[in-house]
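Line order of the protein sequences matches chains A and B. Position 111 of the first sequence, counting from 1, maps to 111 under the numbering used here, and the rest follow consecutively. Quick note, the numbering used here runs 130 ahead of the 1-based positions in the second sequence. Don't be surprised by glycine CBs; every beta carbon is placed ideally from N, CA and C.
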Amino acid sequence: MRIILHKCSVLYRSVTGIKTKMSISSGVIQSAITNKLKTNLNTTHLEVINESYMHNVPKGSETHFKVVVISEKFKDLPLIKRHRLVNNLLKDELQSGVHALSIVAKTPEQWQESDKIIESSPNCRGGFGK
Amino acid sequence: MDKFGRSLLKNYVQIARFYSTKSKEEIDKLVKGKNVVVFMKGVPEEPRCGFSNAVVQILRMHGVKYEAHDVLKDESLRQGIKEYSNWPTIPQVYMNGEFVGGCDVMLQMHQSGDLIEEFEKVGIKSALLTKHEKEQKQKEEAEKGKTG
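Rendered as structure tokens:
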């Protein structure tokens, strides 16, 4: 199963050509985040990246995520409201273990116009896994 | 009360304080009437999280003075500030008592140039703007020198 997921991830990366480090296998929380965003925001493009490996947490943790959410529903919403929308959808996850969520929220037009390069989040600086 | 009892009580009070949640009124006092306040992990000289560090670096680039609070030192503040702004993550930046955003929002406003206007609203002139104006002036003078 892990191998299949790995292959999917590699294939996905080569198709999208996005320069990010993706987590290899999809975890439970990662899938939950993906489902919630996909169904509630009707995303035209979605990436849920587990960045926990960059932090001071046990291997395989699901604590630090970056999401790239492209949805028509962001139209005419200021940045902070887009972020609040995503935060609210993921409220349960954020209250139960996920403590870092980096968000890229764009409309399909904005995504088309952008260079589509998602930069990796800043390096961890200790913080005792918090 | 004997010495042991007193120290036990003292510990208990400390623990209770650590695990309680700061009230809205208490946080109001920290942010109201202040230009820029940052709630972060660690201190500006030594941030303990990459996201907090990014915010510190942005503010440094703009030459902005601010008050910083370390949420790792105070669990009640860490919890309280999240409820106060209804924002689930740290760092958090406030200007004139209003929540402005976390690391992503600050970074995107910095890149789009909107942050300069945001600082202007609270009466702060960004060092980047001052630098830009200086360069423009020098350029104009150089142009004048050429034609004159």
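The beta carbon of I246 (chain B) is closer than 6 Å to those of S256 and L259 in its chain, skipping five residues each way along the sequence. Between E93 (chain A) and I49 (chain A) the beta-carbon gap is near 14 Å, outside 8 Å, which marks them as no contact. Sorting B:G243, B:I254, B:S206 and B:K133 by C-alpha distance to the C-alpha of M225 (chain B) places B:I254 at the top. Residue range Q222 to M225 is occupied by the beta strand (DSSP E) that includes Y224 (chain B). Judged by their CB atoms, V67 (chain A) and S102 (chain A) are nearer to each other than the 9 Å cut-off. A Cβ of chain A is located within less than 9 Å of the beta carbon of Q238 (chain B). In this structure V194 (chain B) is in contact with V166 (chain B), their Cβ atoms being roughly 6 Å apart against a cut-off of 8 Å. Using a Cβ-Cβ cut-off of 9 Å, N87 (chain A) counts as an interface residue toward chain B, since at least one Cβ of chain B sits closer than that to its own. The C-beta separation of G210 (chain B) from K152 (chain B) comes to about 3 Å, placing the pair in contact by the 8 Å criterion. Rounded to the nearest whole angstrom, the C-alpha separation of W111 (chain A) and L79 (chain A) is 14 Å. Apart from the 5 residues on each side of it in sequence, N35 (chain A) has no Cβ closer than 6 Å to any other Cβ in its chain.
No Cβ of chain A is located within less than 9 Å of the beta carbon of V168 (chain B). Between the region 227-234 of chain B and the region 168-188 of chain B there are three or more C-beta pairs closer than 8 Å, enough to call the two in contact.
Within the region 53-75 of chain A, contact with chain B at the beta-carbon level (separation under 7 Å) is assigned to no residue.
In the three-state reduction of the DSSP assignment, P122 (chain A) falls in the coil class, being assigned neither a helical nor a strand state.
Within the region 131-180 of chain B, the complete alpha helix (DSSP H) segments at least 4 residues long are 133-149 and 154-161, listed from N- to C-terminus. Under the Cβ distance rule, F249 (chain B) does not count among the residues neighbouring chain A, no pair being separated by less than 9 Å. No Cβ of chain A is located within less than 9 Å of the beta carbon of A272 (chain B).
Using a Cβ distance threshold of 9 Å, P108 (chain A) and S71 (chain A) count as a contacting pair. With a 10 Å radius around the Cβ and a threshold of 16 neighbouring Cβ atoms, R208 (chain B) comes out buried.
Counting only residues of its own chain and dropping the five nearest sequence neighbours on each side, C179 (chain B) has a CB closer than 8 Å to the CB of M170, K171, G172, I220 and P221.
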